[in-house]
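Q:
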Amino acid sequence: MSLLAFFAVLLGQFFLGKASHYTHNPRVTLTDKDVRFPRIHLSGNNSHIKLLHGPHDNIVYATSHIHLFRTNFHSSKTSRMSPVFGEGCRSNDPTSPNCHYNITVLHKTKDSNQLFLCGTNGQQHTLCCYMNPSDDPFNCTPSKAIQDIKQYMNEREPSLLIGSSEVEEFYTTHSGTEGSVGIKRFGKSTLWTENSGTEQRYVSLVASGQREDRLQDRLYAFYIEKNRDPRLDSDLWVPRVAQVCMADRGGPKGYLQFRWTSKLSARLYCGDNDSRLYFTQLVDVNTVLAERWQDTRVYALFRNGWGMSAVCVYTIADIDRIFKTSNFKGHPGSVPSPRPGECVKDSTKLPIEVLKMVDKVSEMEEWVTSRPLLVTHRYYHHIRVDRVQGKGNVLFLSLENGGIHKVLERDGQVFVIAELHPFNYTAHILSMMLHSSTGKLYLGSSRELVQIDLDSCEQYGAQCEDCVLARDPYCGWDGNHCTTATNKTIQDVENGNHQVCSNISRGVTASKVYFPGSSVGAADGIRIHLSSKYFLNCPTFSSHAEYSWRHHGNTTATPCISTGSEYQCLLLIESMGPEQQGTYSCVSEERGYHRTLVQYQLQLDSGATGLASPRLACLGLVLTLVLTLLC
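Residue 458 in the working numbering is what sits at position 61 of the sequence shown, and the numbering runs on without skipping anything.
#1: For Phe-812, tell me which candidate among Gly-800, Val-791 and Leu-827 has the shortest Cα-Cα distance.
#2: Leaving out the 5 sequence neighbours to the left and right, which residues in its chain are closer than 8 Å to Glu-816 when beta-carbon positions are compared?
#3: Pull up the distance between the alpha-carbon of His-926 and that of Gln-860, whole angstroms please.
#4: With distances taken Cα to Cα, identify the nearest neighbour of Thr-823 among Gly-809, Lys-837, Asp-808 and Arg-844.
#5: Ignoring anything shorter than 3 residues or poking outside the segment 678-757, list the beta strand (DSSP E) runs there in chain order.
#6: From the DSSP output, which residues share a beta bridge with Trp-657?
#7: Keeping to the same chain, check which residues put their C-beta closer than 7 Å to that of Val-751; ignore five residues upstream and five downstream.
#8: Taking the straight line between their C-alpha atoms, what separation do you get for Gln-977 and Tyr-997?
#9: Could you give the first and the last residue of the continuous beta strand (DSSP E) run that contains Val-425?
#10: Is there contact here, the segment 499-513 with the segment 436-455, by at least three beta-carbon pairs under 8 Å?
#11: Alpha carbon to alpha carbon, how far is Ser-706 from Asp-715? Give it in angstroms, no decimals.
#12: Can you give the Cα-Cα distance for Tyr-620 and Glu-986, rounded to whole angstroms?
#13: Would you be able to state if there are at least three C-beta pairs under 8 Å between the segment 750-769 and the segment 647-658?
#14: Just how far apart, CA to CA, sit Phe-404 and Ser-982?
#15: Of all the beta strand (DSSP E) runs that stay within the bounds of the segment 609-633, which reach a length of 3 or more residues?
#16: Excluding sequence positions up to five away, which residues of its chain have a Cβ less than 6 Å from the Cβ of Leu-661?
#17: Which of the three DSSP states, helix, strand or coil, is assigned to Ser-577?
#18: Under 8 Å between the Cβ atoms of Arg-1029 and Glu-596?
#19: Mind listing, in chain order, the continuous alpha helix (DSSP H) runs of no fewer than 4 residues lying wholly within the segment 782-866?
#20: From the DSSP output, in three-state form, read off Cys-898 for me.
#21: Is it buried or exposed, His-818, if we count other Cβ atoms within 10 angstroms and call 16 or more buried?
#22: Are at least three pairs of beta-carbons, each pair with one atom in the segment 658-678 and one in the segment 691-701, less than 8 Å apart?
#23: What residue from Cys-854, Glu-855 and Leu-840 has the CA that sits closest to Gln-848's CA?
#24: Use the C-beta contact count for Thr-460: other C-beta atoms within 10 angstroms, 16 or more gives buried, fewer gives exposed.
#25: Among Val-564, Val-785 and Asp-508, whose alpha-carbon lies nearest the alpha-carbon of Lys-585?
#26: Given a cut-off of 8 Å on the beta-carbon distance, is the pair Ser-723 and Glu-762 in contact?
#27: Evaluate Leu-633 with the Cβ neighbour count: other Cβ atoms within 10 Å of its Cβ, from every protein chain shown; 16 or more gives buried, anything less gives exposed.
#28: According to DSSP, Cys-879 sits in a beta bridge with which residue or residues?
#29: For Val-890 and Arg-807, which I take to be in contact (beta-carbon distance under 8 Å), what is that distance rounded to the nearest angstrom?
#30: Candidates Leu-679, Ser-744 and Pro-555: which alpha carbon is nearest Tyr-776's?
#31: Along the chain, which unbroken stretches of the beta strand (DSSP E) at least 3 residues long are found entirely within the segment 930-983?
#32: Note down, in chain order, each residue of its chain lying with its Cβ closer than 7 Å to the Cβ of Arg-988, except the 5 sequence neighbours on either side.
#33: Output the distance between the C-alpha atoms of Ser-543 and Glu-622, rounded to the nearest integer angstrom.
Right, here's the structure in full:
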């Protein structure tokens, strides 16, 4: 690690300490050894993955370059359909350059059995078509309405396919500095944005939802823009949100024809002035729809220059208010009527002064602001959010090593339920897809797809208290097991108060359970030579619990010695003698819930002195070195 990086980590930890009310650690860490994660292998080494849920619960589509995979998690089968584009490619020469269309877009259509795909070849040409993957042989029918896309379309560009009673319209973005950078629409009427001359990178497109007056339906684009401020201490990127009206038809001939007449932009702010923490690198966006369009929540994932991540939440009402009421930046005069950016029935008839203002002065003076829900030094890449009725929202955040943080958000407070490691290797998660109705989260790496059951609950423990302390909205205690929550199961998502278990009859208990603990039976008997060193090991589970050792049930507890592992709590017997004999118990305490995890019965062996075993001698040497370095 470089000296600069070292100081950056130290400063990041300092700021985290200043904002300690934002720091959160996952309560438990679970791997593929603790939880079953169904997985499907993908052929090839894929650098980009798009995921889409199929017409049936067990079907998931995945695209990578020229391949379309149809996967079935029930049967663990995968079929590969490629090449998708180009007539005659499948029957003639699939190596022809005309067949090399990289798949850049994958969407569902109004027909549940039909897919909409777009692909781009090396000649900067994009082809879109409709396809029924169940056809044999499959055929991709070119779209008549969505065509003439004479540009290279990057697979990382966000896009939306929005259906109407007349025709489906396709919205996409173009990032960079060259060409018509911004939001584009193809379909009944094609519109684009004039190049601003500043580099822009688009992250997400979000539809506002159907409003009472359909004429007012809007589309929001979230992006970052290269900062024009030349000062050395200014941020490199500025996060922004832009709006366009879906009813926009462009301007009249001669001015803004085929261009947006309703596009406005505003700056996004994610930060905490009290802690002097703020974030400008917009990474990912996910929305949670509400019954009222105003209440739809936009969860935005940010980073900053100190290597910290944050999640901020905005409502569509917050954004809508800025565009409707804020002053225009750099425009001190009066605002024409109708207000620039207002959705009208026929935009080709807008007054020229309105069109000029949209063209020249379209940025709002007021910012869309939010305080962070969550701040951490961990490096998040993707965010997906599930609304659990009456219990809050659950955030799924992907980590740089292929892990997932499962986070409860309720009334503006967050609780990190678990850190999941579904891959048995260090993986880079290329894509995440949440399917709320079936309770599944899908992850795509370069080699495989993994399915996570949101209501996987048994790993939290064998007692009611273990289940309630997890505060997992998907899980509850049914009297015998921690299982999928129903209106009859016991849980306390809001507080994790284990006292709700005090009046229930107990379920099945094990004679000895080490991880996580329930009832502990007879202690393990261990014989140790006189004057030998010995380590007792207590496997831990919850990082929110405190662990200690008791000898003969003494009320004065001995704290753990940790080797740095998340799963170990050790007790060192320096020198075995008669007074060290007896019962040793490892006890955990979490929110007032005490339990004995493991017990050992040590007895003095009259044999030769020395370390109890070569393995323990090695462990003692390593631990001594670690403790020396720490001191």
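Glycine included, C-beta positions come from ideal geometry on N, C-alpha and C.
A: Concretely, from the data shown:
#1: As a first step, residue 812 is located in the sequence shown; it is residue number 415 there, counting from the start. The shortest C-alpha separation from Phe-812 is found at Val-791.
#2: Sequence index remark: in the sequence shown, residue 816 carries index 419 (1-based). Cβ within range, chain order: Pro-423, Val-425, Thr-426, Leu-427, Leu-796, Gly-800, Ile-801, His-802 and Lys-803.
#3: If you number the sequence shown from 1, residue 926 lands on position 529. If you number the sequence shown from 1, residue 860 lands on position 463. Using only the alpha carbons, I get a separation of about 37 Å.
#4: What you label residue 823 is simply residue 426 of the sequence shown in a count that begins at 1. For Thr-823, the nearest C-alpha among the options comes from Arg-844.
#5: 678-685, 694-700 and 706-712
#6: Position 260 of the sequence shown holds residue 657. Trp-657 pairs with nothing; no bridge assigned.
#7: Numbered from its first residue, the sequence shown carries residue 751 at position 354. Contacts found: Pro-733, Pro-735 and Pro-737.
#8: Numbered from its first residue, the sequence shown carries residue 977 at position 580. Numbered from its first residue, the sequence shown carries residue 997 at position 600. The alpha-carbon atoms of Gln-977 and Tyr-997 are separated by roughly 12 Å.
#9: Mapped onto the sequence shown, residue 425 falls at position 28. Counting along the chain, the beta strand (DSSP E) containing Val-425 begins and ends at 425-428.
#10: yes
#11: Residue mapping note: residue 715 aligns to position 318 of the sequence shown, counting from 1. Residue mapping note: residue 706 aligns to position 309 of the sequence shown, counting from 1. Going by the C-alpha atoms only, they are around 22 Å apart.
#12: Within the sequence shown, numbered from 1, the residue matching residue 620 stands at position 223. Within the sequence shown, numbered from 1, the residue matching residue 986 stands at position 589. Looking at the two C-alpha atoms, the distance is approximately 46 Å.
#13: yes
#14: The residue you call residue 404 lines up with position 7 of the sequence shown. The residue you call residue 982 lines up with position 585 of the sequence shown. Here Phe-404 scores only 41 on pLDDT, less than 50, and its place in the model should not be relied on; the value that follows carries that caveat. Distance between the alpha carbons of Phe-404 and Ser-982 is about 42 Å.
#15: 615-623
#16: Position 264 of the sequence shown, counted from the start, is the residue given in the question as residue 661. Excluding residues within five positions, the ones whose Cβ falls inside 6 Å are Gln-640, Phe-720, Gly-738 and Ser-759.
#17: Within the sequence shown, numbered from 1, the residue matching residue 577 stands at position 180. Ser-577 falls in the coil class under three-state DSSP.
#18: Residue numbering for the chain in the displayed model covers 398 to 1028; residue 1029 lies beyond these limits and cannot be assessed.
#19: 861-866
#20: Locating residue 898 in the sequence shown gives position 501, where the first residue counts as 1. Helix.
#21: Within the sequence shown, the letter at position 421 stands for residue 818. So His-818 ends up on the buried side.
#22: yes
#23: Numbered from its first residue, the sequence shown carries residue 848 at position 451. The residue with the shortest Cα to Cα distance from Gln-848 is Leu-840.
#24: Here residue 460 refers to the residue found at position 63 when the sequence shown is read from its first residue. Its Cβ being crowded by 16 or more others within 10 Å, Thr-460 is buried.
#25: Stepping through the sequence shown from its first residue, residue 585 is reached at position 188. Comparing Cα positions, the closest option is Val-564.
#26: Counting from 1 along the sequence shown, the entry for residue 723 is found at position 326. Counting from 1 along the sequence shown, the entry for residue 762 is found at position 365. Against a cut-off of 8 Å, the Cβ pair of Glu-762 and Ser-723 comes out as a contact.
#27: Within the sequence shown, the letter at position 236 stands for residue 633. Burial call: exposed.
#28: In the sequence shown, residue 879 corresponds to position 482, counting from 1. Trp-874.
#29: For the purposes of this step, residue 890 is taken as the residue at position 493 of the sequence shown. For the purposes of this step, residue 807 is taken as the residue at position 410 of the sequence shown. Yes, they are in contact, since the Cβ atoms of Val-890 and Arg-807 sit about 7 Å apart, within 8 Å.
#30: As a first step, residue 776 must be located in the sequence shown, where it is residue number 379. The candidate whose alpha carbon is nearest that of Tyr-776 is Leu-679.
#31: 931-936, 943-948 and 965-970
#32: Counting from 1 along the sequence shown, the entry for residue 988 is found at position 591. Taken in chain order, the residues that qualify are Leu-866, Gly-893 and His-895.
#33: The residue given as residue 543 occupies position 146 in the sequence shown. The residue given as residue 622 occupies position 225 in the sequence shown. It is Ile, not Ser, that sits at residue 543 in the sequence shown. Each residue's Cα considered, the two are about 28 Å apart.
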